[in-house]
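In my numbering, the protein residues as written are 5 to 342.
Using N, Cα and C, we set each Cβ at its ideal position, and we do this for glycine too.
Below is one structure, written out as structure tokens; the observations come after it.
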């Protein structure tokens, strides 16, 4: 009974087993990094790479052309979400970065900018929109399109920093690898939707757990490599607290900007909710996948720290906001009925 109550309490504040498992993977990588840095076709890194393609194949299998076609109609909402996700986020972080960048925090700032350049989440955005009674079809459409756009936009944004840091950045090669690993499986799944889409719908919970296990493997391998190269030696507990505060501030800043834009454009309540939750969130799935392609293994773990912190904070904060919005709507409905 106590176990059930604890699980319910953690879920209420946005903490679930996955966030705790992410922390466990970091600890495991610290004390046992060898499996995460070994090569071979059946090594942990290789299995994680195969799993990524399966994640996006099943993701495409859950989509259908009808959903994508119908979603194109609400173009103003889509523009706000993607403008916020892929333009405002990076511009805001670049501006702040130039004011506070130091040699000791350069890698962390690279990770912060990486968060800003990432696409929106898929499943958690839709869940939050659903809880707050927003426009669910629009949320599904925008979260889906955001993941595909991110394959091209995220590497493009990262090229500005990585090219200046490393002197060489193969943008075409990076996009090519991500296309093979992400776009091709999604398209294949989409083409098979009419025949096999029922499988994905029937096994939705199992596929969600599969996604999370693969992400845990990716995080483990990234941190194994970073720990083995002593990449965290310059990062203190104070740096982590500073990073958490920065991620929380970034979330609320973007949430506020989207609120203002939605009101100026006179969005309906449902569309405003969708804009808020789809435009302010960032994808740990895409972040983990792209990190393997964009960054050397020596720094991948450090660069992933900001998106892991942002992921945890966005779930906790967004969950509370979504439940508050749902409660206010219920109370408003009661007043109208009375």
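- Per the Cβ contact rule, the stretch 194-203 is not in contact with the stretch 308-315 (fewer than 3 Cβ pairs under 8 Å).
- Runs of the alpha helix (DSSP H) lying entirely within the stretch 63-113, each at least 4 residues long, are 69-75, 79-87, 93-104 in chain order.
- Here residue 115 is not near residue 226, since their CB atoms are 7 Å or more apart.
- Ranked by Cα distance from residue 297, the first of 204, 186, 138, 38 is 186.
- For residue 130, the secondary structure class from DSSP, reduced to helix, strand or coil, is helix.
- The beta carbons of residue 85 and residue 283 sit closer together than 7 Å.
- Linking residue 63 to residue 70 through their CA atoms gives a straight-line distance of about 15 Å.
- By the neighbour-count criterion, in which a residue is buried when 16 or more other Cβ atoms sit within 10 angstroms of its Cβ, residue 174 is exposed.
- With a contact defined as Cβ atoms closer than 8 Å, residue 39 and residue 48 qualify at about 5 Å.
- Closest in C-alpha terms to residue 332, from the list 279, 273, 285, comes 273.
- Beta-carbon to beta-carbon, residue 155 and residue 182 are separated by about 5 Å, close enough to satisfy the 8 Å threshold.
- The alpha-carbon of residue 208 is positioned some 29 Å away from that of residue 88.
- Distance from the Cα of residue 280 is smallest, within the candidate group 262, 267, 289, 288, for 262.
- With respect to the 7 Å criterion, residue 318 and residue 285 are classified as neighbours on the basis of their beta carbons.
- In its chain, beyond the 5 residues on either side, 173, 175 have a beta carbon closer than 6 Å to the beta carbon of residue 163.
- Contact between the stretch 232-246 and the stretch 48-57 is absent: fewer than 3 CB-CB pairs across the two stretches fall below 8 Å.
- Here residue 68 is not near residue 278, since their CB atoms are 7 Å or more apart.
- Taking the Cβ atoms as the reference, residue 127 lies roughly 7 Å from residue 212, within the contact range of under 8 Å.
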